[in-house]
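Chemist: Here it is: the structure, laid out below.
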Amino acid sequence: MTGCAGCQMEFLRLEDELLDLLKNVEISYFVMAKRVNLEGPYDAAFIEGSISTPRELNELRELREKSKILIAFGDCACTGCIPSILNWVPPAVSAKVYEDFSAIHSKKESFQRIIPLKEFVKVDIELRGCPPHKNLILEVVKSALIQRKPFLRIHPVCIECKLKENVCLLTFEGRPCMGPVTAAGCGALCPSLNRICEGCYGPMSDANAKSLAETFLNKCGLSKDDIARKFRKYSGLTSALFEEANKSYEY
Amino acid sequence: MSIEKNIEVGYISRVEGQGEIKIKIVDNAVEEARFGIFEPPKFFEAFLIGRKYNEVHELTSRICGICPVPHQICALRAIENALKLEVSEQTRKLRMLMNFANHLQSHALNLYLLAAPDYLNHESAISMVETHSHLVKKGLMLKKLGNDLTEAIGGKAIHPVSAVVGGFTDLPSKTTLENLKKRLKNALKDGEETVEFFASVNMPDFERKCEQIALTRKDMYPINDGVLSSTEGLNVNEQDYRKCIKELQADYSWAKHSIVVGRGSFMVGPLSRLNLNFNVLSDKAKAAAEKIGFKPIIYQPFKALMARAIELLNCIEYSLILIDELIPLKNEVVAEGDVKPKAGVGCAIVEAPRGILYHCYELDDKGVVKKADIVTPTAHNAKNIDEDLKAYAMQIHGLPLEEATLKCETLVRAYDPCISCSVHITRLKRSFF
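See the structure below:
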């Protein structure tokens, strides 16, 4: 679907495990890697990317019917990820970029929006991240093989950060870290590299975006525009961040 | 009555993204040949507007999951040019190392996992495991080496995180670099074997002269900067890109088509790079190239595979040189947002695995993007692929349909097109679906 193929690349980054994996699963449809692809039905479908055209929507619905387990693979599929920023761009702004604007916005071919899979079909597993770490991909495949629920972390990045004994970038340095509202899974990668979390695993469960927005405003010196920009980066369409971001942002 | 024959591939496999081939032959003449792209556009140039200077590289990285590194570096350099910001020698070298590492993983992926099955009678690398598991393993090992090297420098292999405007937020440890150095040294032999293997496969004999464009440098193999040059005498700095290259709209594709002003389509990528930079190849890469009889200028698009294999070895050797120059690392780190924003326009060209990549941004005094312009390697190549397909179809249309189809697919795969990249922007006007 609409994405960057980074999630497929992360799957292929299982270089050490791939050959063993192939002994246990049959990959029946993977156009980027195979010339002969099978029609289904499938035990599990990993779907990368979001929906932005009717063609993709039809394909998604067919895949749902053919698949026992449907996995939204990566942020684009789960939340719309970075391309979803487009949903807030007023037509007047994008009209300046493209000469033949009427052709782009032909509704027949494009929804003019980025839409996560779950808006259209039942999603069984959300595999978050931009891209989801390869170990999480492996966790989902292994769980499917032994038919148990995968262990995917929905607690905040802060917990992983504490486990790594990092100094808190938000409370000690006053930097606008998205960690407190963001789901774990990365191993607190960015804060461990002296970089604030940007939120690429999407919101954790029960994220308190309102409180974080107030902290950003009062303690980190961010403007309301800055806050909206941060909240509308990887998962601006999710209910956890949507409302806070909508409060102030204008182009 | 006229005889019509169609070569069609509805969804071309073993390339990144969603594309198709349509060739129409009437009375033994190719009437139409096109490499169409139906991957939907993502409108990066629209939604970058209103975003801040320090997030542009993070966002544009997501144009492509195979070549996130050149997108990041190109965006960083363009933004730094707009801000008139100089980065340190160490930062420049780390960025080069990161991009060579990205080329290494991308080339290993294309050569062993995507292209090789065509020459070994297999549908995929998965089916190759049974008969050629050593090749699959070698491909995976080289790809992993590239990924691990990117991860060591950027913190993450796909969409790295520690490269920011002005430098890096964190640096690899000496031990990490030394371990990678050992692995790179061991991989030199695999690199040489890669060149030999791809020189030994039976490549279709097809030649079509076209303009080839790449960055060039006199002192080293170009990767993150250089002079924009071509086999037809182009020789300009990156700021003058827009004076030389313009884009046309193709009604059957969602990607734009690039041409050289006053001339026509052109080729970018490993073959162009190698043809224009043969003298600055690393020692072993040059020796390997000479051994297999690679002599510039080569105009056979299938031989891009050979060029890619030579470059793979070149990447390993240049990475070793860079690591030696980098150790010991100075403790230079920057925090994101250290830079004082100001208004300006900046552009940059870097070499992505598939060829030259161009980014250009206009910033206001608060560092907010007012305008963005991005042209990717596959957009540069798109028109040339069509013209190659047309000429090649003329040569092979007499073959049984299935064979001719596979050969056309193989030609497209030799370009290693990256379709997600090409449709970050477009105008859609499709005549078929």
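Those protein sequence lines, which keep their order, are chains A and B. Remember, the numbering used here sits 4 above the position in the first sequence when you count from 1. Remember, the numbering used here sits 3 above the position in the second sequence when you count from 1. Built from N, CA and C at the ideal position, the CB exists for glycine as well.
Is B:Val230 helix, strand or coil by DSSP?
Modeler: Reduced to three states, the DSSP call for B:Val230 is strand.
Chemist: Less than 8 angstroms separating the beta-carbons of B:Leu112 and B:Lys159?
Modeler: No, the Cβ-Cβ distance between B:Leu112 and B:Lys159 is not below 8 angstroms.
Chemist: Between the beta-carbon of B:Asp341 and the beta-carbon of A:Asn198, is there less than 8 angstroms?
Modeler: Between B:Asp341 and A:Asn198, the C-beta spacing is not below 8 angstroms.
Chemist: Please classify B:Gly53 as buried or exposed, where buried requires at least 16 other C-beta atoms within 10 Å of its C-beta.
Modeler: buried
Chemist: If B:Ala396 sits next to B:Ile26, beta carbons under 8 angstroms apart, how far is it from one beta carbon to the other, in whole angstroms?
Modeler: 5 angstroms
Chemist: So, is the C-beta of A:Tyr255 closer than 8 angstroms to a C-beta in chain B?
Modeler: Residue placement at A:Tyr255 is flagged as unreliable, the pLDDT there being 38, under the threshold of 50; the coordinate-derived value follows with that caveat. A:Tyr255 counts as touching chain B.
Chemist: Rounded to whole angstroms, what is the Cα-Cα separation between B:Arg430 and B:Ile377?
Modeler: Low per-residue confidence applies at B:Arg430: pLDDT is 32, beneath 50, and the placement is therefore not dependable enough to give any value.
Chemist: Report all residues from its chain with a CB closer than 6 angstroms to the CB of B:Phe435; omit the five preceding and five following residues, and keep chain order.
Modeler: Confidence at B:Phe435 is low in this model, with a pLDDT of 26, below 50, so the placement of that residue is unreliable and no value is reported for it.
Chemist: Just curious, the alpha helix (DSSP H) that A:Asp79 is in, first and last residue?
Modeler: Asp79 to Cys82
Chemist: Do we get a CB-CB distance below 8 angstroms when we pair B:Phe103 with the residues of chain A?
Modeler: no
Chemist: Put B:Met206 into one of helix, strand or coil per three-state DSSP.
Modeler: coil
Chemist: Which word fits B:Gly13, buried or exposed, when buried means at least 16 other C-beta atoms lie within 10 angstroms of its C-beta?
Modeler: exposed
Chemist: Candidates B:Gly349, B:Pro344 and B:His383: which alpha carbon is nearest B:Asp368's?
Modeler: B:Pro344
Chemist: Taking buried to mean at least 16 other C-beta atoms within 10 Å of its own C-beta, is B:Lys45 buried or exposed?
Modeler: buried
Chemist: Given a threshold of 16 other Cβ atoms within 10 Å of its Cβ, counted over all protein chains shown, does B:Gly20 qualify as buried or as exposed?
Modeler: buried
Chemist: I'd like the span of the alpha helix (DSSP H) that includes A:Asn2, first residue to last.
Modeler: What is shown of chain A runs 5 to 255, which leaves residue 2 of chain A out entirely.
Chemist: Can you check DSSP and say which residues form a bridge with A:Lys38?
Modeler: B:Ser127
Chemist: Can you tell me the Cβ-Cβ gap for B:Pro71 and B:Pro163, rounded? I've got them flagged as a contact below 8 angstroms.
Modeler: 7 angstroms
Chemist: Please list the partners that A:Glu14 has in chain C, where partner means a Cβ-to-Cβ separation under 7 angstroms.
Modeler: The structure shown contains no chain C; its protein chains are A and B.
Chemist: Name the one or two DSSP bridge partners that A:Met13 has.
Modeler: Listed as beta-bridge partners of A:Met13 by DSSP are no residues whatsoever.
Chemist: What do you reckon, are the CB atoms on A:Leu142 and A:Gly133 nearer than 8 angstroms?
Modeler: no
Chemist: Just verifying my parser: in three-state terms, what is the DSSP assignment at B:Arg266?
Modeler: coil
Chemist: Check whether the Cβ of A:Ile73 sits closer than 7 angstroms to any heavy atom of the ligand SAH, and report yes or no.
Modeler: The ligand SAH is absent from the structure shown, which contains no ligand whatsoever.
Chemist: Using a Cβ-Cβ cutoff of 7 angstroms, what residues of the segment 155-175 of chain A are near chain B? List them in chain order.
Modeler: none
Chemist: I want to verify the contact list: residues of chain A whose CB lies under 7 angstroms from the CB of B:Asn150, in sequence order.
Modeler: Within chain A, the residues near B:Asn150 are Arg17.
Chemist: Would you mind working out which of A:Lys237, A:Leu245, A:Ser243 and A:Ile51 sits nearest A:Val93, comparing C-alpha positions?
Modeler: Across the set A:Lys237, A:Leu245, A:Ser243 and A:Ile51, the C-alpha of A:Lys237 shows the shortest separation from the C-alpha of A:Val93.
Chemist: If we ignore side chains and look at the alpha-carbon of each, how far apart do B:Pro299 and B:Lys96 end up?
Modeler: 28 angstroms
Chemist: Measuring only the C-alpha atoms, how far is B:Asn205 from B:Tyr122?
Modeler: Looking at the backbone, the Cα of B:Asn205 and that of B:Tyr122 are separated by about 7 angstroms.
Chemist: Would you call B:Asn227 buried or exposed, if buried means 16 or more other Cβ atoms sit within 10 Å of its Cβ?
Modeler: buried
Chemist: Hey, does B:Ile69 have any beta-carbon neighbour from chain A nearer than 8 angstroms?
Modeler: yes
Chemist: So B:Asn9 is in the beta strand (DSSP E); what residue range does that whole segment cover?
Modeler: Glu7 to Val12
Chemist: Taking A:Leu64 and A:Val145 to be in contact with their CB atoms under 8 angstroms, please state how far apart those CB atoms are, rounded to whole angstroms.
Modeler: Rounded, the Cβ-Cβ distance is 21 angstroms, inconsistent with contact.
Chemist: Mind checking which residues open and close the alpha helix (DSSP H) that includes B:Ile399?
Modeler: Pro380 to Ile399
Chemist: Residues of the segment 190-217 of chain B with a CB closer than 9 angstroms to any CB of chain A: list them in chain order, please.
Modeler: none
Chemist: Considering just the uninterrupted stretch of the alpha helix (DSSP H) at A:Lys168, what are its terminal residues?
Modeler: Segment: none, A:Lys168 is in no alpha helix (DSSP H) and carries neither H nor E.
Chemist: Using C-beta distances below 6 angstroms, list every residue in its chain close to A:Cys85, excluding the 5 sequence neighbours before and after it, in chain order.
Modeler: Asp79, Cys134 and Tyr238
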